[in-house]
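Residue numbers (this note's numbering), protein chains in the order written: chain A, 10 to 447; chain B, 791 to 934.
Each residue gets a CB set at the ideal place from its N, CA and C atoms; glycine is no exception.
Report on one structure; see the data block that follows.
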Ligand SMILES: [Zn+2]
């Protein structure tokens, strides 16, 4: 018997496929009844699709259920999807976003316990034990990063440092004074801490870090190597969404070839984002999650908009949990540009206001050096075309000013000729994010 | 008497003017006058052609954004001061010219033709005709 514990929950993490399917089925059936009985909006969605709880007998019936999207969440702001009395809830978190665009997730004590358990698996997979000092430089607050990792760290029994983000030199001082061994933050902040360390004339030998758990934003393999080198650590990816709980929906093991999904709590599917059809294993498509143990804020078939691939290939770590690759981009929805959250729907609102119609448009985001570039291409239509350069330039200026007003950041507006924005199955491709190169 | 001008929206990228003119050639359209107006990112190509309706059909079929604008085609003597006297006439009638350009020269009877878009075409026409200028009709432009 190995002395070192390498799984947090060995039974679940190495469970055979059939047994896991049975567990998922049992929990799914229960969850569907729960939302049907307690969330009128879900009942309405299911009735619209002509399904009732009796139609869902196992995980094989999952595809019969309707999808739920971020738009549904926003429409039900703040508590329209709450499935338990508010008195049973002990915490909320919220997605970032402009006022009224947030989605609020509620948690019962049991929800928090399960979330902590998921994060504990991630910390354990990164080599963490009760002897470790977990340095949490994620933001604390409505954002799930800080408190999410915090709970898991407690559960493992690590000495937990709730440092939050900012004041990087002080962070490094803390790391030295308290001998932090595991750093948790966004990958971009980890890279910045690495740079600062070197600027301070220090090397990885001057700190005790051995691992890092980084998530909440997309990052590349190159970035992983950079961080690992500059901090002298092994860097692990972690995945989560506020809507489904927070970090810990999936986590990386020592193989560093994708993240194991905590399937006992979340059923993952890959669908065709255009048709909604479930795609076979190994296909690239949109990741969809069903939270089967969440009490307060259960989600059935939540469309993450993350483009991803699932794989069940045997993992050297011994875990049998399905693995997801790093998200390869988002089919649409929120973008973080120059640190600001941008929803294509906000841009649509501006276009609709300025043109009384939604023209075809495309958002092009890129990174030059360390700065994001943000361009909105708009196909000029008959109604918009005014014969003089002045009239078109004025249109451009007005659009530019309205975008700044709504989003708080400036975009380069490019008016382009009709039918020049590439179509995919008849629809214009709305977002081109060249920063996400996985 | 106004004539129809085609305005085509073109992005400032290599080959676009070549593409537009190729479309017109394909449909056997003869260009009678042409000019471009530019910003840094796009341009508007303005044209007078011999068969406006057919040109629109062809251009739209090739996905161009085309708009029709009424303009005035006025002939002038090809000599020093010919242009100045037209401008003076319009200025005195309190008409501003939004843009203007010249049509292709004709070797026969008419010596120069100016295409102009005024803030008020009707008033411009009245002023020009009163001052004795000859305006060209669409048919005359086509043959011109
Ligand atoms: Zn593994």
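Provide the residue(s) that pair with residue i in DSSP beta bridges, ordered along the chain.
i	result
residue 809 of chain B	None, per the DSSP bridge assignment.
residue 224 of chain A	A:247
residue 370 of chain A	A:387
residue 311 of chain A	A:77, A:298
residue 358 of chain A	Residue 358 of chain A is not bridged to any residue.
residue 425 of chain A	A:388
residue 99 of chain A	DSSP lists no partner for residue 99 of chain A.
residue 274 of chain A	Partner(s): none; residue 274 of chain A has no beta bridge.
residue 801 of chain B	B:832
Would you grab the beta carbon distance between residue i and residue j for me? Rounded to a whole angstrom, and I think it's under 8 Å.
i	j	result
residue 161 of chain A	residue 129 of chain A	5 Å
residue 268 of chain A	residue 259 of chain A	4 Å
residue 233 of chain A	residue 244 of chain A	5 Å
residue 330 of chain A	residue 270 of chain A	6 Å
residue 218 of chain A	residue 189 of chain A	6 Å
residue 239 of chain A	residue 207 of chain A	7 Å
residue 306 of chain A	residue 91 of chain A	7 Å
residue 842 of chain B	residue 834 of chain B	About 17 Å; that fails the 8 Å criterion.
residue 222 of chain A	residue 131 of chain A	6 Å
Looking at the secondary structure, which residues open and close the beta strand (DSSP E) in which residue i lies?
i	result
residue 890 of chain B	887-892
residue 257 of chain A	256-261
residue 65 of chain A	Careful: residue 65 of chain A lies outside any beta strand (DSSP E) and carries neither H nor E.
residue 211 of chain A	Run containing residue 211 of chain A: none; DSSP gives neither H nor E here.
residue 928 of chain B	Run containing residue 928 of chain B: none in the beta strand (DSSP E); it sits in the alpha helix (DSSP H), 928-933.
Taking a contact to mean a Cβ-Cβ separation below 9 Å, would you say residue i touches residue j in this structure?
i	j	result
residue 229 of chain A	residue 202 of chain A	no
residue 865 of chain B	residue 926 of chain B	yes
residue 192 of chain A	residue 159 of chain A	no
residue 368 of chain A	residue 387 of chain A	yes
residue 48 of chain A	residue 832 of chain B	no
residue 299 of chain A	residue 288 of chain A	no
residue 251 of chain A	residue 153 of chain A	yes
residue 793 of chain B	residue 931 of chain B	yes
residue 281 of chain A	residue 261 of chain A	no
residue 248 of chain A	residue 195 of chain A	no
residue 102 of chain A	residue 86 of chain A	no
residue 320 of chain A	residue 274 of chain A	no
Whole angstroms are fine: how far does the CA of residue j sit from the CA of residue i?
i	j	result
residue 114 of chain A	residue 120 of chain A	11 Å
residue 352 of chain A	residue 216 of chain A	40 Å
residue 108 of chain A	residue 355 of chain A	Legend: pLDDT at residue 108 of chain A = 45, less than 50; position of this residue unreliable, no value from coordinates given.
residue 363 of chain A	residue 802 of chain B	24 Å
residue 54 of chain A	residue 359 of chain A	29 Å
residue 441 of chain A	residue 376 of chain A	12 Å
residue 886 of chain B	residue 908 of chain B	6 Å
residue 390 of chain A	residue 830 of chain B	20 Å
residue 412 of chain A	residue 168 of chain A	46 Å
residue 798 of chain B	residue 200 of chain A	50 Å
residue 892 of chain B	residue 402 of chain A	25 Å
residue 381 of chain A	residue 347 of chain A	6 Å
residue 50 of chain A	residue 89 of chain A	7 Å
residue 242 of chain A	residue 214 of chain A	11 Å
residue 851 of chain B	residue 814 of chain B	11 Å
residue 444 of chain A	residue 314 of chain A	17 Å
residue 884 of chain B	residue 916 of chain B	12 Å
residue 97 of chain A	residue 43 of chain A	15 Å
residue 447 of chain A	residue 839 of chain B	Interpretation of residue 447 of chain A is limited by its pLDDT of 41, a score under 50 that renders its predicted location unreliable; the figure taken from the coordinates is listed afterwards. Residue 447 of chain A and residue 839 of chain B: Cα-Cα distance of roughly 52 Å.
residue 20 of chain A	residue 30 of chain A	14 Å
residue 227 of chain A	residue 316 of chain A	12 Å
residue 869 of chain B	residue 923 of chain B	15 Å
residue 165 of chain A	residue 171 of chain A	15 Å
residue 95 of chain A	residue 118 of chain A	12 Å
residue 858 of chain B	residue 796 of chain B	5 Å
residue 205 of chain A	residue 104 of chain A	29 Å
residue 93 of chain A	residue 136 of chain A	36 Å
residue 425 of chain A	residue 856 of chain B	13 Å
residue 903 of chain B	residue 863 of chain B	7 Å
residue 759 of chain B	residue 430 of chain A	Because chain B is modelled from 791 through 934, residue 759 of chain B falls outside the range shown and cannot be assessed.
residue 407 of chain A	residue 419 of chain A	12 Å
residue 416 of chain A	residue 872 of chain B	54 Å
Between which two residues does the alpha helix (DSSP H) carrying residue i extend?
i	result
residue 397 of chain A	Neither: residue 397 of chain A is in no alpha helix (DSSP H) and is coded neither H nor E.
residue 913 of chain B	911-920
residue 51 of chain A	49-58
residue 163 of chain A	153-165
Review point. Near ligand 2, which residues have their beta-carbon less than 5 Å from any of its heavy atoms, given in chain order?
Key: What this structure holds is ligand 1, not ligand 2.
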